[in-house]
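Peer 1: Those letters in the sequence shown? Residues 1 to 443, by full-length UniProt numbering.
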Amino acid sequence: MKNIAVIGVGYVGLVTGTCFADLGNRVTCVDVNEERIANLKQGILPIYEPGLEEVVRRNLAAGRLSFTTSYAEALNCPEAPAELVFIAVNTPTGVDGEAELRYVRAAAEMIAQTMDHPLIIVNKSTVPVGTGDWVADIVRNKQPKPIPFSVVSNPEFLREGSALSDFMNPDRIVLGSLDEEAAQKVAQLYLPLRGPIMITDPRTAEMIKYASNAFLATKISFINEIANICEALGADVKEVAAGMGYDKRIGRAFLDAGLGYGGSCFPKDVKALAHMANVQGKHPQLLEAVMQINADARRSIVAKVRALVGNNSTHLNRLEGKTIGVLGLAFKANTDDIRESQPIDIIRMIQADGGTVKAYDPVAMPNAAKVLHNVKLCADAYEVAEGSDALILATEWNEFKNLDLARIKRIMKQPVIVDGRNLYDPPAMRELGFIYRGVGRGY
Numbered sequence: 001m002k003n004i005a006v007i008g009v010g011y012v013g014l015v016t017g018t019c020f021a022d023l024g025n026r027v028t029c030v031d032v033n034e035e036r037i038a039n040l041k042q043g044i045l046p047i048y049e050p051g052l053e054e055v056v057r058r059n060l061a062a063g064r065l066s067f068t069t070s071y072a073e074a075l076n077c078p079e080a081p082a083e084l085v086f087i088a089v090n091t092p093t094g095v096d097g098e099a100e101l102r103y104v105r106a107a108a109e110m111i112a113q114t115m116d117h118p119l120i121i122v123n124k125s126t127v128p129v130g131t132g133d134w135v136a137d138i139v140r141n142k143q144p145k146p147i148p149f150s151v152v153s154n155p156e157f158l159r160e161g162s163a164l165s166d167f168m169n170p171d172r173i174v175l176g177s178l179d180e181e182a183a184q185k186v187a188q189l190y191l192p193l194r195g196p197i198m199i200t201d202p203r204t205a206e207m208i209k210y211a212s213n214a215f216l217a218t219k220i221s222f223i224n225e226i227a228n229i230c231e232a233l234g235a236d237v238k239e240v241a242a243g244m245g246y247d248k249r250i251g252r253a254f255l256d257a258g259l260g261y262g263g264s265c266f267p268k269d270v271k272a273l274a275h276m277a278n279v280q281g282k283h284p285q286l287l288e289a290v291m292q293i294n295a296d297a298r299r300s301i302v303a304k305v306r307a308l309v310g311n312n313s314t315h316l317n318r319l320e321g322k323t324i325g326v327l328g329l330a331f332k333a334n335t336d337d338i339r340e341s342q343p344i345d346i347i348r349m350i351q352a353d354g355g356t357v358k359a360y361d362p363v364a365m366p367n368a369a370k371v372l373h374n375v376k377l378c379a380d381a382y383e384v385a386e387g388s389d390a391l392i393l394a395t396e397w398n399e400f401k402n403l404d405l406a407r408i409k410r411i412m413k414q415p416v417i418v419d420g421r422n423l424y425d426p427p428a429m430r431e432l433g434f435i436y437r438g439v440g441r442g443y
């Protein structure tokens, strides 16, 4: 059993701390947000992640997991002083696309000023290449007196909606450090997971995270580019993706045409990697194209709605007087995360085009209500459909797969569905009497 401190109780920090506690370690999570910490002490989570609440409550009850706003309590508890401290704070996008590091700096400074014994500091946040060296300099310069420490980069590869499984069944654990002994101590934490462990230098470890996410984002933009061509040539992108996926060199994952990528990782990391390349005088043409195609995927959905139910006038308000229903607000299913949400962007485009919007999401509506204006948030999909001129299927929640589509058709003003996730079968939808458009379905 190790004594671990985790700085930050957002998505990465909370999942990381909770899973380490569930592996039998003593974990103290620290965050400056007093309300969030007070709620976590009661087992009330700030995020939705399937299965996480149960594991948090179990480890709270077992005494392996605790929460505090005090760095001193997390790092220097006399009964259980921390041996490792994970920095897992947010790194939002800056004005030029760079990863903003103010929270990492604040955490590093507080660790330096608080630590009273040697520590291994582990960067879990997604940070620009070279941040490990930068954190070491901050800690070294802010310590009141010299205390030995080491810095290890340990990027996370968690997917929202399956984070617990991803942590407990990792494809790989990447560790980067110039201190081999420190890297081996961090590796010991992960041995129960029986995943492959790769130890490299800090900059390479940091780059592995960016390169991985950029590649996956590229696969998504690639299949959306193919979808556009399929629509023009009469091919079905779902069948194309299936055929491609049988090739072991390609694989089926991340080849679902639709609204493009969203969330807290892919958009931020692709922008940050492109920014790093530009700063170094390189020309990241592929990354720029990936981002442009991703933006176009959202515009394409609105263009389809406009073509099907829009007014014939040439002025900008083509959807004036039209009510558009949106099913789903989270950027993907099984999360309440609306960061870089494709449905939120689409709603704003519809509103800019003069349309009225109704929407529903099983879990993301409280978060969406904070950022949306003049949108009617409904109790279910049927309330969204009632009186709507068109429906957009925007998030692939399971409950949308088994809707009573005959009822949906009866209560809509016009039986128009634009399926941004290719959830439904085009011939079946047309047999039901819908005017149906998917993404790259070759109609």
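Idealized CB from N, CA, C, for every residue including glycine.
Taking DSSP as the reference, what is the three-state secondary structure of G243?
Peer 2: G243 falls in the helix class under three-state DSSP.
Peer 1: How would you write the range of the alpha helix (DSSP H) that Y71 sits in, first residue to last?
Peer 2: Taken as a continuous stretch (DSSP letters only), the alpha helix (DSSP H) holding Y71 covers Y71 to N76.
Peer 1: Between P267 and G321, what straight-line distance do the alpha-carbon atoms span, to the nearest angstrom?
Peer 2: Distance between the alpha carbons of P267 and G321 is about 33 Å.
Peer 1: Report the option in A257, I411 and G51 whose CA atom is closest to the CA atom of M168.
Peer 2: Of A257, I411 and G51, the residue nearest in Cα terms is G51.
Peer 1: So, do the stretch 187-196 and the stretch 232-239 have three or more beta carbon pairs nearer to each other than 8 Å?
Peer 2: These segments do not touch.
Peer 1: By Cβ distance below 7 Å, which residues in the same chain neighbour K2 in space, the five residues on each side in sequence not counted?
Peer 2: Around K2: N25, E83, L84 and L189.
Peer 1: Kindly confirm or deny that the stretch 47-64 and the stretch 328-336 touch, where touching means at least three C-beta pairs closer than 8 Å.
Peer 2: Touching, yes.
Peer 1: Should H275 be labelled buried (16 or more other beta-carbon atoms within 10 Å of its own) or exposed?
Peer 2: That one is buried.
Peer 1: Rounded to the nearest angstrom, how far is the Cβ of L175 from that of D201, given a contact under 8 Å?
Peer 2: That belief does not hold up - the Cβ atoms of L175 and D201 are roughly 10 Å apart, past 8 Å.
Peer 1: Which residues mark the beginning and the end of the beta strand (DSSP E) in which Y360 is found?
Peer 2: Residues T356 to Y360.
Peer 1: Please report the distance separating the alpha-carbon of E431 from that of F400.
Peer 2: If you take the alpha carbons of E431 and F400, they lie about 19 Å apart.
Peer 1: For C230, which of helix, strand or coil comes out of DSSP?
Peer 2: Three-state DSSP puts C230 in a helix.
Peer 1: In terms of residues, what are the limits of the alpha helix (DSSP H) holding S125?
Peer 2: Looking at the DSSP string, S125 is not in any alpha helix (DSSP H), and its letter there is neither H nor E.
Peer 1: Would the beta-carbon of N422 fall within 8 Å of that of A257?
Peer 2: It is a contact, given that the beta carbons lie within the stated cut-off.
Peer 1: Hey, R318 and G354 are a contact pair by Cβ (cut 8 Å); roughly how many whole angstroms apart?
Peer 2: With 8 Å as the limit, R318 and G354 qualify as a contact, their Cβ atoms being about 7 Å apart.
Peer 1: Quick one: complete alpha helix (DSSP H) runs, 4+ long, within the stretch 309-389?
Peer 2: Qualifying alpha helix (DSSP H) stretches, in chain order: 342-352, 365-369 and 381-385.
Peer 1: Excluding the 5 residues preceding and the 5 following R57 in the sequence, name in chain order all residues of the same chain whose CB lies nearer than 8 Å to its CB.
Peer 2: Cβ within range, chain order: G43.
Peer 1: Beta-carbon separation of I138 and A88 under 8 Å?
Peer 2: No, the pair does not count as a contact, with Cβ atoms beyond the cut-off.
Peer 1: Taking just the CA atoms, how far does N312 sit from K376?
Peer 2: Near 26 Å, if we compare the C-alpha coordinates of N312 and K376.
Peer 1: Check Y103 in the structure and name its three-state DSSP category.
Peer 2: Reduced to three states, the DSSP call for Y103 is helix.
Peer 1: Going by C-alpha distance, which of D419, T131 and T395 is nearest K308?
Peer 2: It is Leu, not Lys, that sits at residue 308 in the sequence shown. Of the listed residues, the one whose Cα sits closest to L308 is D419.
Peer 1: Measuring only the C-alpha atoms, how far is N224 from A217?
Peer 2: Going by the C-alpha atoms only, they are around 11 Å apart.
Peer 1: How about K271 and G97: do their beta carbons lie closer than 8 Å?
Peer 2: Against a cut-off of 8 Å, the Cβ pair of G97 and K271 comes out as a contact.
Peer 1: If we count the other Cβ atoms within 10 Å of its Cβ and call it buried at 16 or more, is R339 buried or exposed?
Peer 2: Classification for R339: buried.
Peer 1: For the beta strand (DSSP E) that contains Y436, what are its first and last residues?
Peer 2: I435 to R437 is the span of the beta strand (DSSP E), which, as asked, contains Y436.
Peer 1: Go ahead and pull the three-state DSSP assignment for A183.
Peer 2: Three-state DSSP puts A183 in a helix.
Peer 1: Can you list, in chain order, the residues of its chain whose CB lies under 8 Å from that of P118, leaving out five sequence neighbours each side?
Peer 2: Taken in chain order, the residues that qualify are I147, P148 and F149.
Peer 1: Going by other Cβ atoms of all chains shown within 10 Å of its Cβ, with 16 needed for buried, is Q285 buried or exposed?
Peer 2: Classification of Q285: exposed, given that the 10 Å Cβ count is below 16.
Peer 1: Quick check on DSSP: helix, strand or coil for A257?
Peer 2: Coil, per DSSP.
Peer 1: Identify every run of the beta strand (DSSP E) within the stretch 33-85, keeping only runs that are complete inside it and at least 3 residues long; order them along the chain.
Peer 2: Entirely contained in the stretch 33-85, the beta strand (DSSP E) runs reaching 3 residues are, in chain order, 65-68.
Peer 1: So, for M207: in the same chain, excluding its five sequence neighbours on each side, which residues have a beta-carbon less than 6 Å away from its beta-carbon?
Peer 2: Same-chain partners within the cutoff: V129.
Peer 1: With a cut-off of 8 Å on the beta carbons, I'd call I346 and V363 a contact; round off their distance for me.
Peer 2: Incorrect: roughly 19 Å between the Cβ atoms, too far for contact.
Peer 1: Taking the alpha-carbon positions, what's the P78 to V12 distance?
Peer 2: Roughly 27 Å separates the two Cα atoms.
Peer 1: Quick one: residues in its chain with C-beta nearer than 7 Å to the C-beta of Q414, no 5 flanking neighbours on either side, listed in chain order?
Peer 2: If we look at Q414 and ignore the five residues flanking it on each side, its Cβ neighbours are V309, D389 and A390.
Peer 1: Could you say which of N76, A72, M115 and D361 lies nearest to A379 if we only look at CA atoms?
Peer 2: Measuring from the Cα of A379, the nearest candidate turns out to be D361.
Peer 1: With which residues is I392 paired in a DSSP beta bridge?
Peer 2: DSSP, once it has assigned bridges, lists V326 and V418 as partnering I392.
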